[in-house]
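For reference, the structure is listed below as structure tokens.
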Amino acid sequence: EKSTHANGKTLHSYRIIPDRGSWFEAQFDTNDLLYVYLDRKKRRRKFLITTLFRALGFLKEDGSKGTDQEILEMFYDIEELTLRAAGNRDNMADLVLVEDAVNEEENVIVARAFEPLSRAVLKQIAAVGVKKIRVVDISVDEGLIIKCMKKDPTHSEEEGLKEIYSRLRPGDPPTVANSRALLKRLFFDPKRYDLGRVGRYKICQKLGFQDPDDSRVLTKQDLAEATRYLLKLKTGGGVLDDIDHLGSRR
1 EKSTHANGKT
11 LHSYRIIPDR
21 GSWFEAQFDT
31 NDLLYVYLDR
41 KKRRRKFLIT
51 TLFRALGFLK
61 EDGSKGTDQE
71 ILEMFYDIEE
81 LTLRAAGNRD
91 NMADLVLVED
101 AVNEEENVIV
111 ARAFEPLSRA
121 VLKQIAAVGV
131 KKIRVVDISV
141 DEGLIIKCMK
151 KDPTHSEEEG
161 LKEIYSRLRP
171 GDPPTVANSR
181 ALLKRLFFDP
191 KRYDLGRVGR
201 YKICQKLGFQ
211 DPDDSRVLTK
221 QDLAEATRYL
231 LKLKTGGGVL
241 DDIDHLGSRR
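For the sequence shown, the positions run 1 to 250 when UniProt numbering is used.
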């Protein structure tokens with residue numbers, strides 16, 4: 001969907017409305033940061049989409065820990081390049097560093113993670129003896145996820161869980177256990193949340209993937225694919241839903 005802010009800026013968003021359970025909404029703000037809203041009445045209780053993906057590490061049994069690299073791998077292709085190869089890329093301006101480049105002898109950071117590449121940056125990195133760097137090409141989404149990661153106050157699954165809990169339950173001391181329990185109750189417990197058979201079908205049809213388990217609760221893949229589609233809309237691709245059309249109603 002899209003709406004128009006009072007300042008005239010177009011704001012893109014998506015909503016997932018189940019047959020039973022909490023609504024899920026994600027919307028870009030006027031600074032092009034993508035926020036998640038889980039309470040329609042209390043819009044201030046929002047958090048960045050990257051905070052959510054960090055927190056959802058507990059949904060996978062593959063050792064996910066909500067790291068920067070895991071978030072990057074969801075939305076970009078990570079490449080390892082020699083400094084020479086990076087300097088020869090026509091799209092060098094679209095490449096950003098995956099991690100800090102460090103002068104090991106002095107333990108000093110010479111170029112920070114998410115910093116765009118330039119001749120000057122490559123020269124700084126080369127000066128401390130680094131031979132290869134890992135980068136991502138942000139032209140696929142105009143750097144929107146990177147922008148959220150820069151703003152994100154969290155850096156791990158545990159921090160993400162506690163941040164979300166503190167937003168949704170201000171005043172209660174957050175712990176990993178109660179944070180996980182809250183998220184599970186909201187979206188991942190079949191006793192409390194049900195997309196419905198038609199809802200599951202529509203999500204998979206719209207986003208172009210199959211859920212092998214035919215799950216009636218949300219999955220991390222649902223949210224990742226919905227976010228990718230929103231990024232595509234934001235950057236000029238995809239097709240907006242007409243929420244008044246019968247085919248879009250739940």
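The beta-carbon is built from N, C-alpha and C at its ideal position, and this holds for glycine as well.
- The beta carbon of Thr82 lies closer than 7 angstroms to those of Lys131 and Lys132 in the same chain, with the five residues before and after it left out.
- Annotation: Ser64 to Cys148 spans about 20 angstroms, alpha carbon to alpha carbon.
- Short of 7 angstroms from the beta carbon of Glu142, and not among the five residues preceding or following it, lie these beta carbons of its own chain, in chain order: Thr235.
- For the pair of segments examined, the stretch 46 to 59 was found to touch the stretch 150 to 158: the number of CB pairs separated by less than 8 angstroms reaches three.
- By the neighbour-count definition (other C-beta atoms within 10 Å, threshold 16), Ser179 is a buried residue.
- With distances taken between CA atoms, Arg134 lies nearest to Ala111 out of Ala111, Ile145 and Asp152.
- In the structure shown, Arg84 adopts helical secondary structure according to DSSP, grouped into three states.
- Taken in chain order, the whole alpha helix (DSSP H) runs of length 4 or more contained in the UniProt domain "RNA polymerase Rpb2" (148 to 250) are 157 to 168, 176 to 183, 197 to 207 and 220 to 234.
- Minimum Cα-Cα distance from Ser118 among the listed residues Asn107, Val128, Leu97 and Leu59 corresponds to Leu97.
- Secondary structure of Glu115 (DSSP, three-state): coil.
- Taking all protein chains in view, the Cβ of His12 is crowded by 16 or more other Cβ atoms within 10 Å, so the residue is classified as buried.
- Note that the stretch 192 to 201 touches the stretch 17 to 24; at least 3 beta-carbon pairs, one per stretch, sit closer than 8 angstroms.
- Comparing alpha-carbon positions, the option among Gly8, Leu223, Ala181 and Gly87 lying closest to Leu207 turns out to be Leu223.
- Scanning its chain for C-beta atoms nearer than 6 angstroms, with the 5 sequence neighbours on each side dropped, one finds around Leu218 the residues Phe187, in chain order.
- Around the C-beta of Pro212, fewer than 16 other C-beta atoms lie within 10 Å, and the residue is accordingly described as exposed.
- Nearest to Arg167 by C-alpha distance, out of Ile16, Leu48, Val198 and Val136, is Leu48.
- One Cα belongs to Pro116, the other to Ala93, and the distance between them is close to 7 angstroms.
- Between the alpha carbons of Leu38 and Pro173 lies a gap of roughly 19 angstroms.
- Straight through space, the alpha carbons of Ala226 and Lys232 are spaced by roughly 10 angstroms.
- For Ile17, no alpha helix (DSSP H) run applies, since DSSP gives it neither H nor E.
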